[in-house]
Amino acid sequence: MADDRLLMLMPYRQFFAKAAAEGFRIHSIWDPRYQPAAYLDEIAELSEEMILADFRDERALRALVRETARRHEVAHVLHLGKEDSQLPVCEEARSLGLAPNPPGALAGINDKAAMRRLLRDHGLSPVRSIEVAAPEQAREAVRELGPPVVVKPTCLDGSRAVRLVRDVRDLDGWVTDLAAYGYSGPVLVEEYLRGDEFSVETFTVQGRHHVVGVTAKRLAPPPGFVEMGHVHPAPLPEPERAAIAEPVVALLDAAGYRFGPAHTEVILTAAGPRIVESQTRIGGDRIPLLVEIATGFDIEAAVFRALAGKPVRPGAATRTACVSFFDFGPGRVESVAGLEEAGRLAFVHELRLGFGPGDVLPPVVDSGSRHGHVVVEAASEKQANERTAVVRALLRVVVRPDDRPSSSAVSPSAGSSPPTDGK
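In terms of my numbering, the sequence shown opens at residue -16 and continues consecutively.
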């Protein structure tokens, strides 16, 4: 076995330098549906070997993982990407003695319905919920729980098709949206939890769960709950921060999670914190960058540091970092101005728009349809809001809505204040 070789599924490009710093070389497997060709070309240049595969073909994926791991005699098989393909990869790696986690841990955390059952069995984070086998069966469950409820597919990510239902008639549009995603599997119907929403970032080494920090979420209004911003650290007194983190650590213990990052969403209700869902991966939406800006701790680098047997020590936050996502409204983009000027501001760490003049902007319905983002550093949440507002004012995007003949200049506005309700 070559102790310096890793087989990784969906390794993002920033992983390679961080792995190399700890003496590791990466063999990569990617599904080309998830990134543009130019990005995958870059991954291929950084990898010892790059293999493209259809992750939807579970049998072929298992065989590919098994054959590649054996051929290169890798030390570990890691999948820190989309959780919908993590379990079969973990099961195959486990059969080779190369998995850092037992498959049951991933199954009990990533599947929303399985997580609810696990929490219920251990008397943790009580939430009334009903699992049904298909979207068309949700109607009776909604009636049984009594609206308002939240409906969600158990195996989709990125806030896709998570919907507040105030009346059973709302389900018709939701079923149509699920069909557009190609999803027809089990769904969860849950009581509607009211309160501010947070995510807890953790890193586990040999079964010990380090709480890296608590992040405050900023959500678009119901019924969709699209995440439009995050602030790290969440502006909370220590007792509340500890109360939010406590059930998360208990969940990871109950699942038997042994190694790696986890990203767990929690709503602080009047009755106490309630876990919404969890994933055995690094948080998305630039949260790792927020954590690094605020605390100096690099969650991605910690993966390889821990694999190398070195200590992992998350630090306390000394700054505030905020990401805000843009919604310019749907329509055709006529012009973009102010991007370079805003990007030169000293407190801006990252500013990206996912479009240019001539492109058509979709309505923002999930994390994949947002129009761009900005990451700012500040001394406090208040200052972060002020600095984000400066960036928004400098950006001048002219969009011609499809349903109106005249142009209108719009500014990104979603995500400017914390939510009062959550999914």
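All C-beta atoms, glycine included, are put in the ideal place defined by N, C-alpha and C.
Range covered by the alpha helix (DSSP H) that runs through residue i
{"i": "V286", "result": "I282 to L290"}
{"i": "S78", "result": "Q69 to S78"}
{"i": "L273", "result": "I270 to T278"}
Extent of the continuous beta strand (DSSP E) to which residue i belongs
{"i": "F308", "result": "T303 to F308"}
{"i": "T198", "result": "R191 to L202"}
{"i": "E119", "result": "From DSSP, E119 is part of no beta strand (DSSP E); its letter is neither H nor E."}
{"i": "V382", "result": "R379 to R383"}
{"i": "K135", "result": "V132 to P136"}
{"i": "A362", "result": "Note, A362: premise wrong, no beta strand (DSSP E); not H, not E."}
{"i": "G314", "result": "G314 to A320"}
{"i": "G212", "result": "E210 to H215"}
Residue-level contact to chain B via CB, residue i, 9 Å cutoff
{"i": "D14", "result": "The structure shown has no chain B; it contains just one protein chain."}
Residue i, DSSP secondary structure in three states
{"i": "A96", "result": "helix"}
{"i": "L(-10)", "result": "strand"}
{"i": "A329", "result": "coil"}
{"i": "L176", "result": "coil"}
{"i": "I227", "result": "helix"}
{"i": "P256", "result": "strand"}
{"i": "L107", "result": "coil"}
{"i": "G239", "result": "coil"}
{"i": "L344", "result": "strand"}
{"i": "L128", "result": "helix"}
{"i": "S400", "result": "Caution is warranted here: a pLDDT of 31 is assigned to S400, below 50, making its placement in the model unreliable, and the coordinate value is therefore given only provisionally. Note: S400 maps to coil in three-state DSSP."}
{"i": "F181", "result": "strand"}
{"i": "L81", "result": "coil"}
{"i": "A0", "result": "helix"}
{"i": "A(-15)", "result": "coil"}
{"i": "Y(-5)", "result": "coil"}
{"i": "A299", "result": "coil"}
{"i": "G266", "result": "coil"}
{"i": "R370", "result": "helix"}
{"i": "R375", "result": "helix"}
{"i": "E5", "result": "coil"}
{"i": "L101", "result": "helix"}
{"i": "G64", "result": "coil"}
{"i": "G207", "result": "coil"}
{"i": "L234", "result": "helix"}
{"i": "G339", "result": "coil"}
{"i": "L89", "result": "helix"}
{"i": "P294", "result": "coil"}
{"i": "P222", "result": "helix"}
Integer Cβ distance of residue i from residue j, believed to fall under 8 Å
{"i": "V57", "j": "R(-4)", "result": "So it is not a contact: roughly 20 Å between Cβ atoms."}
{"i": "T303", "j": "A320", "result": "About 28 Å; that fails the 8 Å criterion."}
{"i": "L79", "j": "A52", "result": "6 Å"}
{"i": "M(-7)", "j": "H62", "result": "7 Å"}
{"i": "V197", "j": "A217", "result": "5 Å"}
{"i": "L202", "j": "E174", "result": "In fact, because the Cβ distance is near 17 Å, the residues do not count as touching under 8 Å."}
{"i": "A90", "j": "V60", "result": "With a Cβ gap of about 17 Å, A90 and V60 do not count as contacting."}
{"i": "F208", "j": "L251", "result": "That pair is no contact at about 16 Å."}
{"i": "L147", "j": "V125", "result": "Actually they are not in contact, since the Cβ atoms of L147 and V125 sit about 11 Å apart, beyond 8 Å."}
{"i": "V374", "j": "L328", "result": "7 Å"}
{"i": "L171", "j": "S112", "result": "6 Å"}
{"i": "E333", "j": "V357", "result": "7 Å"}
{"i": "V380", "j": "V359", "result": "About 18 Å; that fails the 8 Å criterion."}
*Are there three or more Cβ pairs, one per stretch, closer than 8 Å when the segment 283 to 302 is compared with the segment 340 to 359?*
no
_Complete alpha helix (DSSP H) runs within the segment 12 to 62 (minimum length 4 residues, chain order)_ = 20 to 29 and 41 to 55
_Going residue by residue through the segment 145 to 172, where are the continuous alpha helix (DSSP H) segments of at least 4 residues, counting only ones entirely within it?_
154 to 163
*Taking contact to mean at least 3 C-beta pairs separated by less than 8 Å, is the segment 147 to 161 in contact with the segment 117 to 129?*
yes
*contact_flag[the segment 32 to 48, the segment 238 to 255] where n(CB pairs < 8 Å) is 3 or more*: no
*Check whether the segment 230 to 238 touches the segment 64 to 74, counting contact only when three or more Cβ pairs, one atom from each stretch, lie closer than 8 Å.*
no
*Could you tell me whether the segment 361 to 376 touches the segment 300 to 317, where touching means 3 or more Cβ pairs closer than 8 Å?*
yes
*Are the segment 281 to 292 and the segment 101 to 118 in contact at 8 Å, needing three or more beta carbon pairs?*
no
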